[in-house]
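What follows is one structure encoded as structure tokens, with my remarks underneath.
Chains as they are written, first to last, in our numbering: chain A, 17 to 277; chain B, 17 to 277; chain C, 17 to 277; chain D, 17 to 277.
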């Protein structure tokens with residue numbers, strides 16, 4: 017079964033910075049989409065901030081198995097309604113791969129329930145990515161460590177919930193460390209955060225980085241049917257209880273009444 | 017050091033239902049506060065929905081080590097600004113004990129990043145609470161299982177993130193099960209959810225239930241100083257890097273400029 | 017790629033009890049292997065205790081992607097050398113599906129590092145299995161709950177390490193609960209424990225139970241190449257350090273000397 | 017209530033190496049015990065390998081709330097019977113703080129169920145320890161990062177089970193990273209692994225390191241009564257079932273017969 021991937025990019029730096037445009041003439045989304053096609057994904061779409069509903073309408077999301085997210089400068093411009101739609105799809109089972117500055121994106125913060133803050137420095141220093149979970153599917157085909165010649169530094173503490181798995185940790189030339197590959201589940205949705213990808217450097221041309229993104233998409237895919245009632249809180253009436261019981265005692269809810277939210 | 021506890025209650029059922037008022041003449045908050053005093057806590061305050069800022073102003077929260085939360089009918093009436101304040105205090109280290117229908121409270125949903133939905137039935141059936149983690153501080157002094165003669169049923173799936181620890185699981189007469197005691201951390205804050213406590217029954221007069229609440233408060237207390245910069249994302253300039261580096265390559269951020277949110 | 021499955025069974029009850037022989041004329045291993053073939057697995061082998069090396073020699077294990085384990089009466093007869101071999105293969109990436117009384121099998125206890133104890137009762141009572149993680153691949157195609165008309169009871173506390181994921185919880189007619197579907201990782205190996213399967217009842221003819229086993233095998237499969245040096249503790253000499261350093265200070269290890277174990 | 021701490025040390029390097037003897041004239045155990053007394057612990061004992069039962073007889077362990085473990089050269093000389101005794105006490109609730117080369121000690125490997133392997137280099141390089149979980153009790157009073165001027169390098173992958181919490185991560189001058197502060201639970205016992213402490217350097221004179229050890233001991237203490245039946249697998253007869261049932265169907269166990277192990 018083909019995995020339907022959608023790469024979302026705010027696509028702002030590419031239009032405002034000559035430097036970024038030269039690095040990514042087709043946008044970061046374009047570079048990532050091309051790389052995914054090269055990694056054997058057959059069904060890859062892109063969406064950007066400036067599109068209606070940011071290119072994330074109901075139909076687009078319903079047709080997305082895994083969403084890749086890159087945002088930075090314009091987190092605040094993403095509409096809350098779209099964020100809720102994305103989040104609900106994750107709960108239902110859509111995979112989510114959040115890249116780099118996406119740590120502060122609305123959907124990621126919403127799903128983590130924590131600040132998702134960190135330290136940073138833009139100095140073009142070496143980032144060395146270490147695989148700490150070599151048997152993990154996201155590490156497939158990667159060396160035990162690889163260097164990115166120039167990257168922005170992100171430093172701990174990274175205020176996210178304790179992850180399900182720590183896959184990568186980065187070492188920085190300037191002396192910091194960062195948990196750069198982490199996984200979580202929310203509802204039926206698998207979430208992978210991957211650190212590298214500052215827009216001022218050619219990170220998304222690095223074969224190791226692109227392989228991690230591709231592996232992450234594959235890992236985040238949940239082939240199960242959508243958990244469509246994940247937000248429902250159904251009443252189970254007495255006569256539908258799996259074991260026969262008789263109602264007794266006081267009652268505040270009227271028969272058939274919904275619960276409170 | 018004395019733990020400063022605050023019990024928050026929406027205090028709506030107590031004013032609108034004769035039944036609930038008879039069960040809890042001092043309100044659910046009053047019953048819980050009295051029980052905590054009886055369990056040796058010396059510093060217990062209460063706050064309710066109808067108070068200014070719901071009794072959760074900056075000063076009140078700053079003076080709270082552990083917040084206990086009971087809400088049901090009026091989740092939607094809790095102001096978003098207050099919710100953000102509560103959530104930030106949890107990230108900084110305030111403990112949070114969420115009771116029963118508080119699974120759908122705004123602060124809990126916000127911290128979980130998931131729907132927090134479940135099944136339910138109000139039939140006054142037996143709930144049997146099983147300790148699955150007998151050495152856990154929250155289980156201290158409790159029997160391996162205890163019955164609550166009449167309770168509302170909550171059934172799985174309970175759509176919360178995989179917990180740090182599962183402390184209790186409930187068996188219901190009507191045939192369902194529920195993970196009724198779960199823990200998480202968000203930032204420096206410890207969170208405990210405990211299921212029992214439907215307002216139509218005298219659950220908060222049950223010594224076992226009250227002991228769990230008291231244990232939960234004690235466990236959730238983080239004596240560390242507040243992690244006050246938990247939401248900050250500071251820049252670390254090149255000359256402050258722990259290991260000496262020289263900036264190289266392109267740069268998009270101007271010196272001293274803040275990061276994007 | 018075809019998943020190479022091996023079903024291990026101690027195969028003792030089948031030879032000593034008329035009752036069990038009638039339920040499983042081809043042995044529990046035979047019943048499980050047939051079911052897996054029926055679920056689309058093409059490459060299914062079986063091994064039993066009485067075979068040389070219990071049918072788990074180096075070659076057999078090297079050709080196994082996922083091992084299913086059923087044992088009960090003869091846990092103590094499994095050779096420690098074979099146990100270490102199985103455990104090492106799990107660390108390298110072989111999946112392990114442990115069934116029912118296998119909670120006390122040597123490989124499972126060895127991988128958990130905990131007692132793996134529980135309560136039990138053989139009374140032919142109803143077990144109701146609840147899905148608590150509906151989007152999980154192991155729950156694929158299963159109803160939200162299903163009954164097994166007659167089963168042995170296992171009750172909490174189940175003294176295993178906190179799992180990676182809780183997939184199923186069982187409700188028992190006699191009043192107990194049990195976390196009946198749990199996952200862990202050890203090294204590159206994925207481990208799934210599934211509770212039902214007492215030899216005195218036709219549990220492994222139940223389509224829901226067999227589907228869980230099949231799903232579990234599929235989930236436990238790690239397609240990555242074996243993490244063959246998972247137990248190695250290599251020295252990284254100074255001249256091979258990823259960043260250039262100069263050795264300084266005292267030293268106790270001689271160049272080229274191995275570490276201590 | 018006073019925490020009864022016992023520091024175990026193999027005490028071999030101190031007797032065979034002039035260098036180590038000069039660093040730790042009272043042994044590593046002596047240095048750690050003195051530091052713990054200085055951190056306010058009133059009840060600190062030491063035990064060493066050469067003592068009868070390695071100083072870890074039944075009575076000694078029964079009187080120990082938290083055990084600190086340092087071993088390296090002589091892991092293999094620790095008797096398996098003593099290891100099982102230590103492990104059982106951890107399951108019952110004794111805390112365990114494992115230091116540095118203790119990653120390959122028998123009790124730690126036994127409790128982890130995984131290889132506990134890593135990379136290493138003895139080059140006297142800088143280790144920078146980063147706090148990734150600043151609100152955690154084990155990080156109390158520590159700076160966000162601190163340097164150890166000379167240490168042995170340990171590098172990832174560290175083949176331990178995914179921890180409950182990651183408290184510290186180390187950066188090494190030579191380019192590696194390591195999760196240097198990790199926690200787990202096994203049964204009722206809390207386990208903390210802390211990386212620094214190579215015998216060739218004065219690491220256990222470093223105030224930050226000693227504070228982490230002291231915090232770790234405090235954190236690992238479980239004040240609950242021992243979970244003394246943690247390894248028991250009791251039968252619950254039909255007439256003792258919490259909910260009334262009638263036995264039905266076949267049975268293989270005779271009444272009163274124990275389960276199989």
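For each residue, glycine too, the CB sits at the ideal point set by N, CA and C.
Report the partner residues of residue 146 of chain B according to the DSSP bridge assignment. In the second chain, counting from the first residue as 1, residue 146 of chain B sits at position 130. According to DSSP, residue 146 of chain B bridges with B:161 and B:185.
Notebook entry, point to check: How is the alpha helix (DSSP H) around residue 74 of chain D delimited, first residue to last?
Noted result: To locate residue 74 of chain D, count along the fourth chain from 1; it is residue 58. Segment 74–78, the alpha helix (DSSP H) holding residue 74 of chain D.
Open item on the list: Using the three-state DSSP reduction, which class does residue 200 of chain A fall into: helix, strand or coil?
Closed with: Here residue 200 of chain A is taken as the residue at index 184 of the first chain, counted from 1. Here residue 200 of chain A sits in strand by DSSP.
_Status (buried if at least 16 other CB within 10 Å, exposed otherwise) for residue 31 of chain C_ = By one-based count along the third chain, residue 31 of chain C stands at place 15. With fewer than 16 Cβ atoms within 10 Å of its Cβ, residue 31 of chain C is classed as exposed.
- Message: Less than 8 Å between C-beta atoms, sequence neighbours within five positions excluded: which residues of the same chain meet that for residue 243 of chain C?
- Response: In the third chain, counting from the first residue as 1, residue 243 of chain C sits at position 227. 107, 108, 109, 203 and 204.
Worksheet item: Are the beta-carbon atoms of residue 297 of chain A and residue 141 of chain A separated by less than 8 Å?
Response: Residue 297 of chain A lies beyond the stretch modelled for chain A, which goes from 17 to 277, so this question has no answer here.
| query | With a Cβ-Cβ cutoff of 8 Å, do residue 169 of chain D and residue 139 of chain D count as a contact? | reply | The residue you call residue 169 of chain D lines up with position 153 of the fourth chain. The residue you call residue 139 of chain D lines up with position 123 of the fourth chain. In this structure, residue 139 of chain D lies closer than 8 Å to residue 169 of chain D by Cβ.
Could you give the first and the last residue of the continuous beta strand (DSSP E) run that contains residue 207 of chain D? Counting from 1 along the fourth chain, the entry for residue 207 of chain D is found at position 191. Start and end: 205–210.
Next on the checklist: Would residue 159 of chain C and residue 231 of chain C qualify as a contact pair, given that the criterion is a beta-carbon distance under 8 Å?
Outcome noted: Against the third chain, residue 159 of chain C aligns to sequence position 143. Against the third chain, residue 231 of chain C aligns to sequence position 215. Not closer than 8 Å, so no.
Q. From A:267, A:21 and A:75, pick the residue whose C-alpha is nearest to that of residue 58 of chain A; which is it?
A. Here residue 58 of chain A refers to the residue found at position 42 of the first chain. Answer by Cα proximity: A:21.
Residue 167 of chain C CB to nearest chain B CB: under 8 Å?
Numbered from 1 along the third chain, position 151 holds the residue referred to as residue 167 of chain C. Judged by the 8 Å Cβ criterion, residue 167 of chain C is not in contact with chain B.
Q: Please classify residue 219 of chain D: does DSSP put it in a helix, a strand, or coil?
A: Position 203 of the fourth chain, counted from the first residue, corresponds to residue 219 of chain D. It is helical.
Review point. Taking a cut of 7 Å between CB atoms, which residues from the segment 137–170 of chain D lie near chain B?
Key: 144, 150, 151, 153, 156 and 161
Counting beta carbon pairs with one atom in the segment 210–217 of chain B and one in the segment 116–126 of chain B, are three or more of them shorter than 8 Å? yes
**Study point:** Candidates A:88, A:50, A:78 and A:77: closest to residue 216 of chain A by CA position
**Key:** Taking the first chain and counting its residues from 1, the one referred to as residue 216 of chain A is at position 200. Considering only alpha carbons, the answer is A:88.
| said: Assuming residue 43 of chain C is part of the alpha helix (DSSP H), what are its boundary residues? | reply: Residue numbering aside, residue 43 of chain C sits at position 27 when the third chain is read from its first letter. Residue 43 of chain C -> alpha helix (DSSP H) spans 43–54.
- prompt: the segment 225–243 of chain D: which residues have C-beta closer than 9 Å to a C-beta of chain B, in chain order?
  reply: 238, 239, 240, 241, 242 and 243
### Query
chain D partners of residue 216 of chain C, CB-CB under 8 Å?
Taking the first residue of the third chain as position 1, residue 216 of chain C is located at position 200. Going along chain D in sequence order, the residues near residue 216 of chain C (Cβ under 8 Å) are 265, 266, 267 and 268.
* Kindly say whether residue 38 of chain D, judged by its beta-carbon, lies nearer than 8 Å to any beta-carbon of chain A. => One-based indexing of the fourth chain puts residue 38 of chain D at position 22. Closer than 8 Å: no.
Exercise for review: Step through the CB atoms of chain D and report whether any lies within less than 8 Å of the CB of residue 199 of chain A.
Suggested key: As a position in the first chain, residue 199 of chain A is number 183, starting the count at 1. It does not; no Cβ of chain D falls within 8 Å.
### Message
Pop quiz: residue 186 of chain C and residue 133 of chain C are said to be a contact at Cβ under 8 Å. What is the actual Cβ separation, rounded to whole angstroms?
### Response
Position 170 of the third chain, counted from the start, is the residue given in the question as residue 186 of chain C. Position 117 of the third chain, counted from the start, is the residue given in the question as residue 133 of chain C. The pair is not a contact, with the Cβ atoms about 17 Å apart (cut-off 8 Å).
For residue 6 of chain A, which of helix, strand or coil comes out of DSSP? Because residue 6 of chain A is not part of the residues shown, which for chain A are 17 to 277, the question remains open.
Does any CB atom of chain B fall closer than 8 Å to the CB of residue 247 of chain A?
Translated into positions along the first chain, residue 247 of chain A becomes position 231. Closer than 8 Å to some Cβ of chain B, the Cβ of residue 247 of chain A qualifies, so yes.
Using 8 Å as the threshold, is the C-beta distance between residue 137 of chain B and residue 254 of chain A below it? Along the second chain, one-based indexing puts residue 137 of chain B at 121. Along the first chain, one-based indexing puts residue 254 of chain A at 238. In contact: residue 137 of chain B and residue 254 of chain A (Cβ atoms closer than 8 Å).
| field | Any C-beta of chain B under 8 Å from that of residue 172 of chain A | value | Here residue 172 of chain A corresponds to residue number 156 of the first chain, with the count starting at 1. No - not a single Cβ of chain B is within 8 Å of the one on residue 172 of chain A.
Helix or strand or just coil, what does DSSP make of residue 120 of chain C? Indexing the third chain from 1 puts residue 120 of chain C at position 104. Helix, per DSSP.
- If we cut at 8 Å on Cβ distances, does residue 99 of chain B have a partner in chain A? Against the second chain, residue 99 of chain B aligns to sequence position 83. No, its Cβ sits nowhere closer than 8 Å to a Cβ of chain A.
May I have the straight-line CA-CA distance separating residue 224 of chain D from residue 264 of chain B, to the nearest angstrom? As a first step, residue 224 of chain D must be located in the fourth chain, where it is residue number 208. As a first step, residue 264 of chain B must be located in the second chain, where it is residue number 248. Taking the straight line from one Cα to the other gives about 34 Å.
Considering only C-alpha positions, which residue in the set B:18, B:41 and B:19 is nearest to residue 27 of chain B? Position 11 of the second chain, counting from 1, holds the residue named residue 27 of chain B. Of B:18, B:41 and B:19, the residue nearest in Cα terms is B:41.
* Exposure label - residue 172 of chain A; buried when at least 16 CB within 10 Å -> Counted from its first residue, the first chain places residue 172 of chain A at position 156. That one is buried.
Original post:
Using the beta-carbon count (16 or more within 10 Å), is residue 66 of chain C buried or exposed?
Top reply: By one-based count along the third chain, residue 66 of chain C stands at place 50. Residue 66 of chain C is exposed by the Cβ-count criterion.
When the distance is taken between beta carbons, is residue 23 of chain B closer than 8 Å to residue 60 of chain B?
In the second chain, residue 60 of chain B corresponds to position 44, counting from 1. In the second chain, residue 23 of chain B corresponds to position 7, counting from 1. Yes.
When you compare only the Cα positions, how much space is there between residue 184 of chain D and residue 144 of chain D? Walking along the fourth chain from the start, residue 184 of chain D turns up at place 168. Walking along the fourth chain from the start, residue 144 of chain D turns up at place 128. Computed Cα separation, rounded: 10 Å.
If we ignore side chains and look at the alpha-carbon of each, how far apart do residue 270 of chain C and residue 33 of chain D end up?
Looking up residue 270 of chain C in the third chain gives position 254. Looking up residue 33 of chain D in the fourth chain gives position 17. If you take the alpha carbons of residue 270 of chain C and residue 33 of chain D, they lie about 13 Å apart.
*asked:* Would residue 250 of chain C and residue 161 of chain A qualify as a contact pair, given that the criterion is a beta-carbon distance under 8 Å?
replied: Along the third chain, read from residue 1 onward, the residue named residue 250 of chain C stands at position 234. Along the first chain, read from residue 1 onward, the residue named residue 161 of chain A stands at position 145. Their beta carbons are not under 8 Å apart, which means residue 250 of chain C does not touch residue 161 of chain A by this criterion.
Can you tell which of A:190, A:90, A:82 and A:252 has the C-alpha that lies nearest to the C-alpha of residue 207 of chain A?
One-based indexing of the first chain puts residue 207 of chain A at position 191. Among A:190, A:90, A:82 and A:252, the Cα nearest to that of residue 207 of chain A belongs to A:82.
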